[in-house]
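Chains as they are written, first to last, in this note's numbering: chain A, 3 to 291; chain B, 10 to 361; chain C, 945 to 1224. Yeah, the Cβ is synthetic: ideal placement off N, Cα and C, and Gly gets one too. See structure below.
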Amino acid sequence: MYRQKYIFLLPGLLVLIAVILFPLIFTIRVSFSSWDVYNPGLNNAGGAMYARMWEDSRYWEALWRLSLLAVSTVLMQYVLGFGLALLVWREIAARRFFRVLFLVPMMTTPVVMSVIWRTIFHESLGPLNPILDALGIGAQPWLSQPGFAFAAVMIVEIWQWTPFMFLLLLAGLLSLPSEPFLAARVDGAGPIRTFLSVTFPMMGAISVGAILIRAIEASKIMETVYVLTSGGPGTSTETVSYYIYIRGMRDFQIGYSAALSLTYLIIMAVALTLIAKALVRLMVRGAQA
Amino acid sequence: MLRLQEIALAEAKVPHLAGITLDFRPVQMTTLLGRTGAGKTTLLRVIAGMAMPDKGRITLDGTDWSRLPPWKRPVAMVTQQSINYPHLSVLDNVAFPLTRAGVSREAARAQAEAMLVRVGLGAMTGRHPVALSGGQQQRVAIARALVKRAPVLLMDEPFVNLDYKLREGLREELAELLRKEAGTVAIYASTDPREALQMGDAIVLMAEGRALQSGRPRQVFAAPATLAVAAVVNDPPINLLPAEVSGGQLRLVSLGNEPIPGPDLPAGRYTLGLRAEDVRTGGDLPARVVLTEVSGSETVTHLEAGSQSLVMLERAVKTHNLGSRFGLHLDLSRALIFDAQGLRLTPEPAHG
Amino acid sequence: MRTLYLALKYLAVTLWSAFVIFPFLWMLSTSFKTQNAVTGGATWLPWVQYEPSLAGWKALFGGAGGVNIVKPYVNSLVVTGSASVIALVLGTLAAYGLSRFTFRAGPIRNGDITFFFISQRIMPPIVLAIPFFLMLRWLGLLDSLPGLILVYVAALMPIAVWVMVDFFNTIPRALDEMAWMDGCTPVTTFCRVILPNVLPGLVVAGMFCLIFGWNDFFFAFTLTFTQAQLLPVSIVALNSSVTPWWSLSAAAIVSVAPLAVLAFVVERFLSRGGLAGAVR
């Protein structure tokens, strides 16, 4: 009867299928070829690209590095974002001003801000080292030492995306009912006990949602790395996306990069699903028990 | 005339409507009476086109509706929960169906204004629905349903969420308004037998997705065709007494009575239906008070006589202490007799 | 005790504010510098520590050590604007269909289709970059605005669907049915009855589309060369070994300023509870 229902769904669905699904299927086919600069075009290479990937320690290191980077930055974004949301939730002067201010970084273009951060981290001309000097910490080799370069990427990611976590968590806090807080006050609970036994349990589902959204985005990190360190020094800050970019778009090893991409996609989808299930068990059901 | 033929609808193999055949005539209000879950709402949604039946035909004055989507059917509906368009003012809410039907904006607004005056909301036209009380919102919904002058008007327990006084007032207003709308088939779903008796020119009894009996309210009430109908139309519920007839003698099984001279029936098992008002005090059947409640100027008392529970209705305010005992008189001359299949036997009641 | 608690609270807010503002102040200051002021070491205060100059700002319109950002700016506006509008229209229509009607294709149900839309956010851009590159080359749309718009529509639509499905689910179906009975077809019901009641959702979804569209770099970077270059790409192009920090900073400011204003809009929605439906 409602034949008109297709008017709503089909345009969007067809565009998405055409633009995403077909290229994805094409990528699957390409990953079984050895398409590169010397042999352009589709041929049959069987699983050769996957076998090569298995031996490619640079890929697996990049995957491990990405996991470390994603997990640590998302956790820090969650802790900081939650803290900031609590700070400007209520009982603070000029809270609307601070809310706006804390949101601004997520509105800025990540690569553009990364270019600015690169000047900030500059060892001799940037403003960060003089400040650290004045504080008695001393100048640091920000972008030329592996550990520091990794920290620099983390700082930029935290600056850029803590606001998004802050936004989702503050929206959650503002939608909480007020009765449990009145009850806690009647019971004479202090701020810490109120947080642990009222606020945090009620924020369980919202927290899981916010962490997942950020984890999905973090699993794709590459732009910051590209601009800030170009994966360096050496390959010490290279993430999977960036490594695939080098293989595919720079070395033009289309077949190989297709195999790497698909493996990456599957690993990330599985990992994110597992993380989602674990988080739901830990923070939603655990908090209700 | 709105004609339903063999309408059947099942969902996940659970039948919601099981072969309904009914005629609804214009210039009268038909009440669909049945308990919650009897299929009244589903039937109204089928008529409106919101639910598609698995089988059956719907025609209005010979035009087949079965394949028409809701927006092509000339129906108006008022639901339990008053639904209005939140983004439109009260006036534009009521004018909306008219402008959709191609009436010019000015004309639509003028008609809407007139209709709002008739439902007593002439002073509220500029407000938005959220700024109104529940009763006022329901009146906006009624005005929007009436303003279209649709040949079929469906009302699904429109007053159930309102308080008693408002309900009485709106019922009168609605009856008054409908009297002026000639040629409308109006169908009113209700769970309340008294409302059905008061509102309807005709009544249709529904239970478990079937139309059990239809006719004039008084007639259905006086002569229910089956036990099920008798159970639905009576409030307080009708008393059901199992009985045995043999050799012209009748015995009430659950009361352990001595046989009394009974009607001229073949030997067998029967059920007597005795209305609560036909149970009176001042007899010799010993009974104990289980529950008593006064409603308006009437008193309803639930009693136990042995294993048989009985309901008594007195047209006066009485006080019966819980647990107190007294003798009851059952006016069996007014009892309805049903056979073992639950069909009422004619001719008229037993003379015991 | 209470005073200490408050003091710590304000200290924390101040510290984070400083961290947030720091890069903005730095780029504002740097945008008025010259070669000499930059190579002299980190300085903040114009007139006091260095002689301010408008060289960096003038370089935005071309010239030595700069890049003409007018064309990339217009490109970015066109691509982000039109892709956001198209994604919002397609995404809103699809979200309404999914929230109101039942779709079936074999074992596929509404929930699976919704998941297909939203799960596109999991897809790393690099996975699609090469097939996109080949697809656009085959279509002759490489390095063109229509090609970019097509890609951005697909990238932004999942966001619109994700936000709008939740908003539509908060509107009772009875409202649609009432409109049908008042003579509206599903399409007019959608336009005249449902859309006016989800305007906050449209604003939220539109904002997210604008933010993610304007700020994207990767697709613009891999699918354009010179003609259809977008703003972030032309700014990153300045990021070479001898970077003209002053024009870079000026370009960065004009690039991030328009969206930073959106923070005010988002905060308005946030404080009025208008984002409650978008969370979960």
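Return no unless some Cβ of chain C is closer than 8 Å to the Cβ of Ile277 of chain A.
no
Would Glu15 of chain B and Gly58 of chain B be called neighbours here (beta carbons separated by less than 8 Å)?
no
Classify Arg293 of chain A: buried if its beta carbon has 16 or more other beta carbons within 10 angstroms, exposed otherwise.
Chain A is shown only over 3 to 291; residue 293 of chain A falls outside these bounds and no answer can be derived.
Please list the terminal residues of the continuous alpha helix (DSSP H) segment that includes Pro24 of chain B.
Not the alpha helix (DSSP H): Pro24 of chain B falls in the beta strand (DSSP E), residues 23–33.
Would you say the segment 90–102 of chain B touches the segment 118–129 of chain B, given that touching needs at least three Cβ pairs under 8 Å?
yes
Using a beta-carbon distance below 8 Å, is Ala956 of chain C in contact with chain A?
yes
Can you check whether the C-beta of Ala27 of chain B is within less than 8 Å of a C-beta belonging to chain C?
no
Which full runs of the alpha helix (DSSP H) of 4+ residues lie inside the segment 140–213 of chain B, going along the chain?
143–156, 173–189, 202–208
Beta strand (DSSP E) segment containing Gln979 of chain C, residue limits:
No beta strand (DSSP E) contains Gln979 of chain C, which is instead part of the alpha helix (DSSP H) from 979–983.
Going by CA-CA distance only, name the one from A:Met270, A:Ile208, A:Ile223 that's closest to Leu71 of chain A.
A:Ile223
Verify the CB distance criterion: does Arg109 of chain B have a CB-CB separation below 8 Å to chain C?
yes
Using 10 angstroms around the beta-carbon of Ser59 of chain A, count the other beta-carbons present and answer buried if the total reaches 16, otherwise exposed.
exposed
Identify the contact partners of Met270 of chain A in chain C, using a Cβ-Cβ distance below 8 Å as the criterion.
Ile1066, Pro1068
Distance cutoff 8 Å, beta carbons only. Does Arg1224 of chain C sit that close to anything in chain B?
Bear in mind that the predicted position of Arg1224 of chain C carries a pLDDT of just 38, short of 50, making it too unreliable to give a figure here.
Which residues in the same chain as Gln1173 of chain C place their Cβ atom closer than 6 Å to its Cβ, once the five residues preceding and following it in sequence are excluded?
Pro1016
Going by other Cβ atoms of all chains shown within 10 Å of its Cβ, with 16 needed for buried, is Ser1020 of chain C buried or exposed?
buried
Considering only their Cβ atoms, is the gap separating Met1108 of chain C from Thr1036 of chain C smaller than 8 Å?
yes
Within this structure, are the beta carbons of Leu86 of chain A and Phe168 of chain A separated by less than 8 Å?
yes
Round the Cβ separation of Ser1199 of chain C and Ala1003 of chain C to the nearest angstrom and send it over; I've been treating them as touching at under 8 Å.
No, Ser1199 of chain C and Ala1003 of chain C are not in contact; Cβ-Cβ is about 14 Å, not under 8 Å.
Per DSSP, what kind of secondary structure is Asn1019 of chain C in: helix, strand or coil?
helix
Does any CB atom of chain B fall closer than 8 Å to the CB of Asp1110 of chain C?
no
Any beta carbon of chain B sitting closer than 8 Å to that of Leu1119 of chain C?
yes
By the criterion of Cβ-Cβ separation under 9 Å, what are the contact partners of Val84 of chain B in chain C?
Met1125
Which residues bound the beta strand (DSSP E) around Asp293 of chain B?
288–304
Please list the residues of the segment 1146–1169 of chain C that have a C-beta atom closer than 9 Å to any C-beta atom in chain B, keeping them in chain order.
none
Using a Cβ-Cβ distance under 8 Å, would Asn1141 of chain C count as near chain B?
yes
Considering only C-alpha positions, which residue in the set C:Phe1156, C:Trp960, C:Thr1166 is nearest to Leu1078 of chain C?
C:Thr1166
To the nearest angstrom, how far is the alpha carbon of Ile1057 of chain C from that of Met1101 of chain C?
13 Å
Supposed contact pair Val254 of chain B and Tyr279 of chain B - C-beta distance, whole angstroms, cut 8 Å:
6 Å
C-beta neighbour in chain C for Pro272 of chain B, strict 8 Å
no
In chain order, which continuous runs of the alpha helix (DSSP H) of length 4 or greater are located wholly inside the segment 1180–1213 of chain C?
1189–1204
At least one CB of chain C closer than 8 Å to the CB of Ala60 of chain B: is that the case?
no
Quick one: does Thr1129 of chain C have its CB under 8 Å from some CB of chain B?
yes
Does the beta-carbon distance from Leu230 of chain A to Val155 of chain A come in below 8 Å?
yes
Mind checking Met61 of chain B: buried by the 16 CB within 10 Å criterion, or exposed?
exposed
Any idea what DSSP makes of Thr235 of chain B, helix, strand or coil?
strand
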